[in-house]
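Student: After the structure tokens below, expect a handful of questions from me.
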Amino acid sequence: MMRELITEPADLSPSTTWAETCWAYTPEESLVNHRRKARVCVATLLPFADGKPDWQGFENSVRWMLKCGEYYGVDLVFVLNADTGYIFELSLPLYREVIERFRSTFPEPTIICGTTAVGAQGDDFKAEWYRPHLDIAQSFDKVEVMIMTSRQLNQLPAQKRRDAYFEIAEDIKVPMIVHALEPSFVPWATPYDPWLLHQLACHEKIVAGKISTLDEPHFLYWAAMCGDLGLDFAPHSGDDYGIATAIRLGLPLLIGAGVSACPLICAARDMWLFDSCDDKAHSLGVGGDHFDTRVYKLFEAFQSLEDSVFRLNGAGSAAAYKHSTAACLKLMGLIATDEVHPDCTDRRAGDEVARMREALRRPMKAAQILGIPDFEMRES
């Protein structure tokens, strides 16, 4: 016999699975929103040349993304020192320098700083491991912090895992974002089950969460639960295989794909929105700021690129997307090389620049047809 699906948070337990809840069966169509201007958070790449940070390339890429956002009226949020910024390879001085250099050149945009467990070892979790990154990040203005997982945090059972996040939160004075992962990015990572998500979403300091998942529609689960229960918590999509979903739902994106496809994503959000149409015009797709049906082809075009950027290796990992992203930016003349951090083992075999040149052809053709500026080959 089929069990009755859970619809109330009081009925959740630490062992409840998403499949036991109504939120796992909510169709995307019922969550679509054409009016909500969700923010776009780009997980900014830290480029390298000759084994050292390419600061000029870093500045070039940020200026390019800001220009894209301004053209389409999108206030971009820049994510620094997360996975795309090699957080797991950064020394503390370099972690600080990235933020200092960004803030000295770009004082206005909001930044989200990734944080993780510095010096973690053994099997026991210690909240104090997060303090070095938190202390640095919170010394800057207009900052939010993203609590990225660590092996010791992730392996805790649900209730202890919740308590660990709450202990980390005691040292946080700025908006706090939690971050769940699946094994396609880190082999030991596990997404949040519904009880844990609800517990975190109800904490007064936790304003949002990012879910990075390529194989399971957890972002839809999060969106359905938070919308249904009216939670004051913003699900941020980290699904680089389903970028259009967040745009269709009017919910935030927080993705590495925001770097290599920034103009296309900004354009798609603009094409999707109804800003000033009445209901009849809305249904017909006409009016002041009207829906552009060509957005569906744009969705397909930039997703074809990101499917290559985030392609899985033989071990089922997409972690080398950072190398592919650097190759794209090199081809667009924004950075000098497609190098990765010298200590990072996540890199592609073969000629990745040639591979990305092919992957860029379709989205660049779409950009040309739609008149999307600043998305063309300018190989340095």
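Note that numbering that gives the first Met the number 0 gives residue 177 to position 178 of the sequence shown, counting from 1, and the numbers run on in steps of one. Even for Gly, the Cβ is constructed at its ideal location relative to N, Cα and C. The model shown is predicted, which means the values in this text are computed figures rather than measured ones.
What are the start and end residues of the alpha helix (DSSP H) that includes H197?
Tutor: On the sequence shown, residue 197 is found 198 positions in, with the first residue counted as 1. Where H197 is concerned, the enclosing alpha helix (DSSP H) stretches over 193–200.
Student: So what does DSSP say about P341, is it helix, strand or coil?
Tutor: Residue mapping note: residue 341 aligns to position 342 of the sequence shown, counting from 1. Looking at P341 - three-state DSSP - the assignment turns out to be coil, as it is neither helix nor strand.
Student: What are the start and end residues of the alpha helix (DSSP H) that includes K321?
Tutor: Taking the sequence shown and counting its residues from 1, the one referred to as residue 321 is at position 322. Where K321 is concerned, the enclosing alpha helix (DSSP H) stretches over 320–330.
Student: Can at least three beta-carbon pairs, one atom from the region 228–236 and one from the region 204–212, be found at a separation below 8 Å?
Tutor: yes
Student: Can you round the beta-carbon distance between V258 and S60 to whole angstroms, since I take them to be within the 8 Å contact cut?
Tutor: Walking along the sequence shown from the start, residue 258 turns up at place 259. Walking along the sequence shown from the start, residue 60 turns up at place 61. Between S60 and V258 the Cβ distance is about 7 Å, and since that is below 8 Å, they are a contact.
Student: Could you spell out where the beta strand (DSSP E) holding V117 opens and where it closes?
Tutor: For the purposes of this step, residue 117 is taken as residue 118 along the sequence shown, with counting starting at 1. Where V117 is concerned, there is no enclosing beta strand (DSSP E), given that its DSSP letter is neither H nor E.
Student: I'd like to know whether the C-beta atoms of L199 and Y240 end up nearer to each other than 7 Å.
Tutor: Translated into the one-based positions of the sequence shown, residue 199 becomes position 200. Translated into the one-based positions of the sequence shown, residue 240 becomes position 241. Not a contact, by the Cβ cut-off of 7 Å.
Student: Measure the alpha-carbon distance for V173 versus V142 and round it to whole angstroms.
Tutor: Residue numbering aside, residue 173 sits at position 174 when the sequence shown is read from its first letter. Residue numbering aside, residue 142 sits at position 143 when the sequence shown is read from its first letter. Their backbone Cα atoms lie some 7 Å apart in a straight line.
Student: Closest to D292 by C-alpha separation, out of S303, R268, W17, would be which residue?
Tutor: For the purposes of this step, residue 292 is taken as the residue at position 293 of the sequence shown. Note that residue 292 is Thr in the sequence shown here, rather than Asp. That would be R268, whose Cα lies nearest to the Cα of T292.
Student: Taking the alpha carbon of S138 as the point to measure from, which residue in E96, T148, A157, A116 has its own alpha carbon closest?
Tutor: Indexing the sequence shown from 1 puts residue 138 at position 139. Out of E96, T148, A157, A116, E96 has the C-alpha closest to the C-alpha of S138.
Student: Could you pull out every unbroken beta strand (DSSP E) segment of at least 3 residues lying fully inside the region 134–213, listed in chain order?
Tutor: 142–146, 175–180, 205–211
Student: If I'm right that H340 touches E88 with Cβ under 8 Å, what's the distance once you round it to whole angstroms?
Tutor: In the sequence shown, residue 340 corresponds to position 341, counting from 1. In the sequence shown, residue 88 corresponds to position 89, counting from 1. Indeed they touch by this definition, with Cβ atoms about 5 Å apart.
Student: Following the continuous beta strand (DSSP E) through S236, name the residue where it begins and the one where it ends.
Tutor: Mapped onto the sequence shown, residue 236 falls at position 237. Run containing S236: 233–236, per the beta strand (DSSP E) assignment.
Student: Between V177, F57, W187, D49, which has its C-alpha nearest Q154's C-alpha?
Tutor: As a working note, residue 154 is residue 155 in the sequence shown. The residue with the shortest Cα to Cα distance from Q154 is W187.
Student: Within the region 38–73, note down every full alpha helix (DSSP H) run reaching 4 residues or more, in order along the chain.
Tutor: 54–71
Student: Going by the beta-carbon positions, is the gap between P190 and T212 smaller than 7 Å?
Tutor: As a position in the sequence shown, residue 190 is number 191, starting the count at 1. As a position in the sequence shown, residue 212 is number 213, starting the count at 1. Yes, the Cβ-Cβ distance between P190 and T212 is below 7 Å.
Student: With DSSP run on the structure shown, which of helix, strand or coil describes L253?
Tutor: Here residue 253 is taken as the residue at index 254 of the sequence shown, counted from 1. Strand.
Student: Could you tell me whether the region 346–366 touches the region 39–55, where touching means 3 or more Cβ pairs closer than 8 Å?
Tutor: When C-beta atoms of the region 346–366 are compared with those of the region 39–55, fewer than three pairs fall below 8 Å, so the two segments do not count as touching.
Student: Measuring straight from C-alpha to C-alpha, what distance separates C112 and E299?
Tutor: Reading the sequence shown from its first residue, position 113 is the one you call residue 112. Reading the sequence shown from its first residue, position 300 is the one you call residue 299. Computed Cα separation, rounded: 30 Å.
Student: List the endpoints of the continuous alpha helix (DSSP H) containing V31.
Tutor: Counting from one through the sequence shown, the residue named residue 31 turns up at place 32. No alpha helix (DSSP H) holds V31; DSSP gives it neither H nor E.
Student: In whole angstroms, give me the CA-to-CA distance for F273 and P262.
Tutor: Numbered from its first residue, the sequence shown carries residue 273 at position 274. Numbered from its first residue, the sequence shown carries residue 262 at position 263. If you take the alpha carbons of F273 and P262, they lie about 19 Å apart.
Student: Leaving out five residues on either side along the sequence, give the residues of the same chain with a beta carbon under 6 Å from the beta carbon of C265.
Tutor: For the purposes of this step, residue 265 is taken as the residue at position 266 of the sequence shown. Closer than 6 Å at Cβ, skipping near neighbours: C67, G68, Y71, V73.
Student: So what does DSSP say about D277, is it helix, strand or coil?
Tutor: Mapped onto the sequence shown, residue 277 falls at position 278. Note that D277 has pLDDT 45, beneath the 50 cutoff, so the model's placement of it is unreliable and the number below is only indicative. It is coil, neither helix nor strand.
Student: Any idea what DSSP makes of G121, helix, strand or coil?
Tutor: Sequence index remark: in the sequence shown, residue 121 carries index 122 (1-based). G121: coil per DSSP, three-state reduction.
Student: Relative to the alpha-carbon of F184, which residue among P251, E166, S149 has its alpha-carbon at the smallest distance?
Tutor: Locating residue 184 in the sequence shown gives position 185, counting from the first residue. Checked all of P251, E166, S149; the closest Cα to F184 is S149.
Student: If contacts are defined as beta-carbon pairs under 8 Å, then E386 and A256 qualify, I think. What distance do you get, rounded to the angstrom?
Tutor: Lying before the first or after the last residue shown, residue 386 is absent from the chain, which here runs from 0 to 379.
Student: Around the C-beta of I368, are 16 or more other C-beta atoms found within 10 angstroms, so that it is buried, or is it exposed?
Tutor: Numbered from 1 along the sequence shown, position 369 holds the residue referred to as residue 368. By the 10 Å Cβ count, I368 comes out exposed.
Student: Would you report the Cα separation of A243 and T104, rounded to the nearest angstrom?
Tutor: Taking the sequence shown and counting its residues from 1, the one referred to as residue 243 is at position 244. Taking the sequence shown and counting its residues from 1, the one referred to as residue 104 is at position 105. When rounded, the distance between both Cα atoms is 31 Å.
Student: Could you give the DSSP three-state label for L75: helix, strand or coil?
Tutor: Counting from 1 along the sequence shown, the entry for residue 75 is found at position 76. Strand, per DSSP.
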